[in-house]
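Peer 1: Residue numbers for the sequence shown follow the numbering used here, beginning at 1228 and rising by one. The beta carbon of each residue, even a glycine, is placed where N, CA and C say it ideally should be.
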Amino acid sequence: MTRASSSFSSPAHPQKSARSYGYWLALAAMILLYTIIFAGLAFNQHAALRTHKSDLGQMDVAIWNTSHGRFVEEIKQDFLSTRMTDHVEPIFIPVSAVFWLWNDVRAILLLQALAVALGAIPLFALARRKLGGPLALGFAAAYLLNPSLQSAVLTEFHAIPLAVPLILWAFWAVSARRWRQFLIAALLVAAVKEEAALLAAGLGLWAMWRTTLSFEKSKKGKLIGGGVVIVSLLWFYIATFVIVPAYGAEIHRTAQSVYFERYGALGNSPLDIIKNIFTHPKLVWSVASQPARVRYLLALFASFGFLSLLGLDVLILALPVLLANLLSAYPAQYYGDFHYTAPLIPYFAVAAIYGTHRLLRFFRTTALRPNLLLALSLLWLLGWSGYVYAQAGRGPLGGAYDRAPITAHEQLLDRFLAQIPPDTPVTATAALFPHLSHRRFIYQFPYGQTAQPPAQPAQWALLDVTGDTDMAPGDLHDQVQAMLADDWGVVDAADGYLLLRREATTKAIPDAFYDFARTSGDPQALAQSYPLTFVAIAANAWPRWRQARVMTEWLVGSDYQPGAVRPWLELRTPPGKLLYTYDQLTPPALIWYPPDRWQPGDRIRITTLPLYLPRYWGAGVSVVHGPDPFQPNHRLPANDAAPDVSIQSTDGTLALAAAYRWDEKSRLQILPPDDLLSPDLGARLRPNGRGINVDFRTVDGALIPLSAWLPDAAPTPDHLLDFWLRWEQGVPEGYQPFVHLRHAGKNIIQEDGPPHVFLTLPAQQPVNDWREFLIPADAVQPGQEVSLFVGLYNPATGQRLDILGPDGKLAGNEFLLASWTVASPPIPDQPCALLKDICLSQPQ
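Here it is as structure tokens:
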């Protein structure tokens, strides 16, 4: 057997050398482009305040402390602690050296993106040995296009993505018989995190297996591989069952890692879980065969064109982590959108390389030309990886591309960071924490005002009352007031940022702080006399989580009397179900700058906290002058309070400022008012549907025409069914519609009431009536029949109006709009799986 090259490339014929140089140049360009894009996106998330104490901040402070000789030391609440209460990550020792080069939290974000990108080098080198240059470049591209790796890079910062290039290095080293390099790579894999030690043990088994297959006389590979297996398993046991319990018992009140609790369906202890995996296969199958988990597996295989199925001997090595993800009760582990899947991607990539090698070797016995085989294989691989990227990729043109907007508010942060001394203890709100975490004593507000020795109490506090604080806005406000009543004072404030310091003498919060809530001396406000007027609404969405913040603007006129009136916002479903008001989760603006402080000439901006709203929702606004905002006589006329809004409630005191829907790509779209009033509203919103017409007859013989629009798609349990009614001549006075959904002759949903399009609309005129049912899963199952009936009745007497059939004869007093066979619900997407409230906005 010839001796393998000592590096990733080897000398060759001049023509081949030129081609080889081209391959490496193309690979370098791909790696550089990937690093620029995904480090840039990670930096962008950080600058947009979408990183937090958990996880970037706590990781950063542990690594920064390690760079100063305090291995993974961190602060928990108000006391010194260690990351080893949860995980053991010796890899942070070499990682911490990056802060000697660039003392900035973004250094580890760059390192994470670069490390994953560099994994393409050993992958390319391995594929080139097996398949040649073109296919090797194809595999490098498929690897870099993998959405799970991209998601890992953009999930703040974690240790486990750092294992990815090391695993690939180890696979290449075995293939090239570079045993010293294999030993280094495998031991570094084991050092990444406790569960990574199981992957390192698998790599040791691979080294032994490949050495056996090659019939080498030298036992070096077997000895080193066997040593890696023993050392890795021993380290896994020590890290998982000795170190973590020793440090974590006092914190978590348990003698074992809290992460085993994610497998409660399989047992109450690690031994029970392992035993049940082997002794209760039906139990394991019942968990692993759930649709979301099957989809997870299919996505892993699809990223490399299902070629990994021909390399199952490689995938066996990843079984510990694959099963840990697949059987977990925590959805983030089996959806591929977080960091948990990152260490699996090298195995699927390498399995695909060996699988392709076997496939090509088989087809070379046929009449197909080798170049054609290579071309078809490359097209197959890139076609699948490109398709998966188009569906779920996190970079440009990817299906989940989500570049965070950076506003003037986020750009203002640097002004406050520059005023805090570098080593002083600080407490900060959650989203500001990682911007200040390069210090030993850093607390998440409100912790740190007192501290348990040897921790030192915070001397500075930096808060952003408009952002993610992990606190109720009222609690944060009260905490600040208590601090100012004590020995804290204000150093600086603007646009919702508040910088405090112990023993500072200024107690009053400057006016500039309230800029997030108001603009003083607004010309439009000064020009009006009406006390309070609604003028604008906007909804800012985070598509990845279908999360919305609703901003409204109000003008304070010259007749405004503090405390006499206040703004009001109601978010409602199309049939009028209340979702949110200002009295629920009160926005920061109304707490820090309440109406009794408003002055004539103010333009007020009120932005809600993040909300998870259903597929369709509307915003009603009003000005309230009494104690009960739900009483029409406690609200001012909408014509005066919201003069530019055309759609108003029946009582004339609530205006529909805007209506929205989440589209198929989880983006918010505004519904034009003209569409909401249009006779073909249903067809505009759901083109794939059908129309039905029926006439009702009043007691005096007048005909009341009804047209309905019903979606073609069958309803599903626990998901919304929208349909639209149109009363072209209105609803007769004294009557109102009823709509019933029945199964087996019994009503499972009964909705009686006047026409609604988010608000109650005047019924004695042509009017749309938007109905929406949430079909309860405990009332009907997929495959069963449901029927939808509609009619008109008098609530006082219970009398129903008759229906005329197509032949002009009476046909009963209720009309069958549709019958459906209930379909299976869609597989929950990642947001829905993590938070049930988000399921009502999931695209169908």
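On the premise that Pro2058 lies in contact with Trp1772, defined as a C-beta separation below 8 Å, what is that separation, rounded to the nearest angstrom?
Peer 2: Working through the sequence shown from its first residue, we reach residue 1772 at position 545. Working through the sequence shown from its first residue, we reach residue 2058 at position 831. Their Cβ separation, rounded to whole angstroms, is 5 Å, which keeps Trp1772 and Pro2058 in contact under 8 Å.
Peer 1: If you run the structure through DSSP and keep just helix, strand and coil, what is Pro1737?
Peer 2: For the purposes of this step, residue 1737 is identified with residue 510 of the sequence shown, where counting begins at 1. Three-state DSSP puts Pro1737 in coil, outside helix and strand.
Peer 1: For Tyr1581, which residues in the same chain have their Cβ closer than 8 Å to its Cβ, ignoring the five residues on either side in sequence?
Peer 2: The residue you call residue 1581 lines up with position 354 of the sequence shown. Same-chain partners within the cutoff: Lys1357, Leu1537, Gly1538, Asp1540 and Val1541.
Peer 1: Is Asn1995 helix, strand or coil when you go by DSSP?
Peer 2: Locating residue 1995 in the sequence shown gives position 768, counting from the first residue. The answer is strand: DSSP assigns Asn1995 an E or B state.
Peer 1: Would you mind sorting Ala1245 into buried or exposed? The rule is 16 or more other CB atoms within 10 Å of its CB.
Peer 2: By 1-based counting over the sequence shown, the position of residue 1245 is 18. So Ala1245 counts as exposed.
Peer 1: To test your reading of the DSSP string, which unbroken beta strand (DSSP E) runs of 3 or more residues are found completely within the segment 1789-1850?
Peer 2: Those beta strand (DSSP E) runs which fall completely within the segment 1789-1850 and span 3+ residues are 1793-1799, 1805-1808 and 1830-1834.
Peer 1: Could you name the residues of the same chain whose beta carbon sits closer than 7 Å to that of Pro2052, not counting the 5 residues immediately before and after it, in chain order?
Peer 2: By 1-based counting over the sequence shown, the position of residue 2052 is 825. Closer than 7 Å at the Cβ level, and outside the excluded window around Pro2052, lie Thr1943, Pro1944, Asp1945 and His1946.
Peer 1: Counting Cβ pairs closer than 8 Å, one from the segment 1382-1400 and one from the segment 1339-1348, do we hit at least three?
Peer 2: Yes: the two stretches touch, three or more of their Cβ pairs being nearer than 8 Å.
Peer 1: Leaving out five residues before and five after Thr1732 in sequence, what residues of the same chain have Cβ atoms less than 8 Å from its Cβ?
Peer 2: To locate residue 1732, count along the sequence shown from 1; it is residue 505. For Thr1732, where only same-chain residues beyond five positions count, the Cβ hits under 8 Å are Gly1716.
Peer 1: Indicate whether Arg1633 and Ala1253 have their beta-carbon atoms separated by less than 8 Å.
Peer 2: For the purposes of this step, residue 1633 is taken as residue 406 along the sequence shown, with counting starting at 1. For the purposes of this step, residue 1253 is taken as residue 26 along the sequence shown, with counting starting at 1. Rather than Arg, the amino acid found at residue 1633 in this sequence is Ile. No, these two residues do not count as a Cβ contact at 8 Å.
Peer 1: Have a look at Ser1756, Ala1678 and Phe1468 and flag the residue whose alpha-carbon is nearest the alpha-carbon of Leu1307.
Peer 2: Position 80 of the sequence shown, counted from the first residue, corresponds to residue 1307. Checked all of Ser1756, Ala1678 and Phe1468; the closest Cα to Leu1307 is Ala1678.
Peer 1: Would you mind reading off the limits of the alpha helix (DSSP H) that contains Val1707?
Peer 2: As a first step, residue 1707 must be located in the sequence shown, where it is residue number 480. Its alpha helix (DSSP H) spans residues Pro1700 to Ala1712.
Peer 1: Ignoring anything shorter than 3 residues, give me the beta strand (DSSP E) runs that lie fully in the segment 1901-1984, in order along the chain.
Peer 2: Whole beta strand (DSSP E) segments, 3+ residues: 1916-1924, 1930-1938, 1947-1954, 1963-1970 and 1973-1979.
Peer 1: State the DSSP-derived secondary structure class of Val2017, mapped to helix, strand or coil.
Peer 2: Start at 1 with the first residue of the sequence shown, and residue 2017 comes out as number 790. It is a strand residue.
Peer 1: In angstroms, rounded to a whole number, what distance separates the CA positions of Ile1206 and Ala1344?
Peer 2: Because the chain here runs from 1228 to 2071, residue 1206 falls outside it and cannot be looked at.
Peer 1: State yes or no: is the C-beta of Leu1840 within less than 8 Å of the C-beta of Leu1806?
Peer 2: Translated into the one-based positions of the sequence shown, residue 1840 becomes position 613. Translated into the one-based positions of the sequence shown, residue 1806 becomes position 579. Result yes, Cβ atoms of Leu1840 and Leu1806 sit closer than 8 Å.
Peer 1: Give the secondary structure of Arg1630 by DSSP, where H, G and I count as helix, E and B as strand, and everything else as coil.
Peer 2: Translated into positions along the sequence shown, residue 1630 becomes position 403. The answer is coil: DSSP assigns Arg1630 none of H, G, I, E or B.
Peer 1: Of the residues Ile2002, Leu1753, Ala1579 and Pro1649, which one's Cα is nearest the Cα of Phe1366?
Peer 2: For the purposes of this step, residue 1366 is taken as residue 139 along the sequence shown, with counting starting at 1. For the residues Ile2002, Leu1753, Ala1579 and Pro1649, the minimum Cα distance to Phe1366 belongs to Ala1579.
Peer 1: Name the two residues that bound the continuous beta strand (DSSP E) containing Ser1445.
Peer 2: Here residue 1445 refers to the residue found at position 218 of the sequence shown. Element bounds for Ser1445: n/a, residue is neither H nor E.
Peer 1: Straight-line CA distance for Ser1496 to Leu1601?
Peer 2: Walking along the sequence shown from the start, residue 1496 turns up at place 269. Walking along the sequence shown from the start, residue 1601 turns up at place 374. Taking the straight line joining both Cα atoms gives about 49 Å.
Peer 1: Take Phe1590 and list the residues in its own chain whose beta-carbon comes closer than 7 Å to its own, dropping the five residues that flank it on each side.
Peer 2: Indexing the sequence shown from 1 puts residue 1590 at position 363. Same-chain partners within the cutoff: Leu1600.
Peer 1: Going by the beta-carbon positions, is the gap between Arg1842 and Trp1769 smaller than 8 Å?
Peer 2: As a first step, residue 1842 is located in the sequence shown; it is residue number 615 there, counting from the start. As a first step, residue 1769 is located in the sequence shown; it is residue number 542 there, counting from the start. Against a cut-off of 8 Å, the Cβ pair of Trp1769 and Arg1842 comes out as no contact.
Peer 1: What is the DSSP secondary structure of Ala1256, reduced to helix, strand or coil?
Peer 2: Looking up residue 1256 in the sequence shown gives position 29. Looking at Ala1256 - three-state DSSP - the assignment turns out to be helix.
Peer 1: Got a sec? Which residues, its chain only, sit under 6 Å from Met1286 by beta carbon, not counting five neighbours each side?
Peer 2: Locating residue 1286 in the sequence shown gives position 59, where the first residue counts as 1. Correct list, in chain order: Phe1384.
Peer 1: With a threshold of 8 Å, are at least 3 pairs of Cβ atoms found where one atom belongs to the segment 1791-1798 and the other to the segment 1910-1924?
Peer 2: No, because fewer than three Cβ pairs between the segment 1791-1798 and the segment 1910-1924 fall closer than 8 Å, the two stretches do not touch.
Peer 1: Have a look at the DSSP bridge pairing and note the partners of Asp2073.
Peer 2: Because the chain here runs from 1228 to 2071, residue 2073 falls outside it and cannot be looked at.
Peer 1: How many angstroms separate the CA atom of Gly1453 from the CA atom of Leu1432?
Peer 2: The residue you call residue 1453 lines up with position 226 of the sequence shown. The residue you call residue 1432 lines up with position 205 of the sequence shown. Taking the straight line joining both Cα atoms gives about 7 Å.
Peer 1: Taking the alpha-carbon positions, what's the Tyr1523 to Tyr1562 distance?
Peer 2: The sequence position of residue 1523 within the sequence shown is 296, counting from 1. The sequence position of residue 1562 within the sequence shown is 335, counting from 1. One C-alpha to the other measures close to 6 Å.
Peer 1: Using the Cα positions of Phe1326 and Ile1318, report the straight-line distance between them to the nearest angstrom.
Peer 2: As a first step, residue 1326 is located in the sequence shown; it is residue number 99 there, counting from the start. As a first step, residue 1318 is located in the sequence shown; it is residue number 91 there, counting from the start. Each residue's Cα considered, the two are about 14 Å apart.
Peer 1: Sort out for me which residues DSSP pairs Glu1891 with in a bridge.
Peer 2: In the sequence shown, residue 1891 corresponds to position 664, counting from 1. Paired residue(s): none; Glu1891 is not in a bridge.
Peer 1: Do you know whose CA, among Gln1896, Glu1780 and Leu1372, lies nearest Asp1749's CA?
Peer 2: Residue numbering aside, residue 1749 sits at position 522 when the sequence shown is read from its first letter. Nearest C-alpha to Asp1749: Glu1780.
Peer 1: Could you compute how far the alpha carbon of Gln2026 sits from the alpha carbon of Gln1992?
Peer 2: One-based indexing of the sequence shown puts residue 2026 at position 799. One-based indexing of the sequence shown puts residue 1992 at position 765. Distance between the alpha carbons of Gln2026 and Gln1992: 22 Å.
Peer 1: Where does Asn1503 sit, in a helix, a strand or coil, going by DSSP?
Peer 2: Locating residue 1503 in the sequence shown gives position 276, where the first residue counts as 1. Correct three-state label for Asn1503: helix.
Peer 1: Would you give the residue range spanned by the beta strand (DSSP E) that Leu1725 belongs to?
Peer 2: Mapped onto the sequence shown, residue 1725 falls at position 498. Where Leu1725 is concerned, the enclosing beta strand (DSSP E) stretches over Tyr1724 to Arg1729.
Peer 1: Jot down the residue ranges of each uninterrupted alpha helix (DSSP H) in the segment 1281-1310, minimum 4 residues, whole runs only, in chain order.
Peer 2: The qualifying runs are 1285-1294.
Peer 1: What are the boundary residues of the alpha helix (DSSP H) that Ile1320 is part of?
Peer 2: Position 93 of the sequence shown, counted from the start, is the residue given in the question as residue 1320. Ile1320 -> alpha helix (DSSP H) spans Phe1319 to Val1322.
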